[in-house]
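In my numbering, the protein residues as written are 7 to 177. Every residue gets a Cβ at the ideal spot worked out from N, C-alpha and C, and that includes glycine. Predicted model, so just to flag it, every value in this text is computed and none were measured.
Take a look at the structure:
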């Protein structure tokens, strides 16, 4: 019997818990399909993902559940950081989710001491005047959410979104 309840991963669409989740939401001029491409095409992702003056020197995205989401970023001082995660949901032009708590093929990973596990859910919804871009970073505890906020989630993800829009406008 189908009672209309969605018990799969899409049941989370955009719902955020203010105690443990960080949210960036904006209406942007880019289309849902262009936002999807910016997140799932490695060549595009390297052009905007890390807020300047940091740069993304490598990206690998396999946009299907269990696929790889990997970036290597470089600081202005030349230090590199490799972040590998697992794609959890991939609905072209609508929704993309990944986590650093799992590696490709849903394999659990051990994080470095300075890292904390989180899951990102991005939704792209057509609205009058553009697309509602919503990024929800989900955390296991209020403490890890606070750590993520302290290292610059809102400013960093906002700057990265501005860069994403600049890349799309230039293409």
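*When the Cα of residue 76 is compared with those of 55, 141, 59, which residue comes out closest?*
Within the chain shown, numbered from 1, the residue matching residue 76 stands at position 70. Among 55, 141, 59, the Cα nearest to that of residue 76 is on 55.
Q) Going by beta carbon distance, what residues of the same chain come within less than 6 Å of residue 29, once the five residues before and after it are set aside? A) Against the chain shown, residue 29 aligns to sequence position 23. Answer for residue 29: 22, 142, listed in chain order.
Out of curiosity, what's the CA-to-CA distance linking residue 26 and residue 147? Residue numbering aside, residue 26 sits at position 20 when the chain shown is read from its first letter. Residue numbering aside, residue 147 sits at position 141 when the chain shown is read from its first letter. Approximately 6 Å, taken between the alpha carbons.
Practice item. Starting from residue 176, trace the alpha helix (DSSP H) both ways and give me its first and last residue. Key: By 1-based counting over the chain shown, the position of residue 176 is 170. Taken as a continuous stretch (DSSP letters only), the alpha helix (DSSP H) holding residue 176 covers 159 to 176.
Practice prompt. Could you tell me whether the Cβ atoms of residue 131 and residue 137 are closer together than 8 Å?
Written response: On the chain shown, position 125 is the one that residue 131 refers to. On the chain shown, position 131 is the one that residue 137 refers to. Contact flag set, yes.
### Query
With 16 other CB atoms within 10 Å as the buried threshold, where does residue 175 fall?
For the purposes of this step, residue 175 is taken as the residue at position 169 of the chain shown. Result: exposed.
### Message
What would DSSP say about residue 105, mapped onto helix, strand or coil?
### Response
Stepping through the chain shown from its first residue, residue 105 is reached at position 99. Strand, per DSSP.
Cutoff 8 Å; reference residue 38; Cβ partners in own chain excluding five residues on either side: What you label residue 38 is simply residue 32 of the chain shown in a count that begins at 1. Contacts found: 99, 100, 130, 131, 132, 137.
request  = Tell me, please, which residues DSSP counts as bridged to residue 30.
outcome  = By 1-based counting over the chain shown, the position of residue 30 is 24. In DSSP, residue 30 forms a bridge with 141.
Confirm, please, whether the CB-CB distance from residue 94 to residue 106 is below 8 Å. Residue mapping note: residue 106 aligns to position 100 of the chain shown, counting from 1. Residue mapping note: residue 94 aligns to position 88 of the chain shown, counting from 1. Result no, Cβ atoms of residue 106 and residue 94 do not sit closer than 8 Å.
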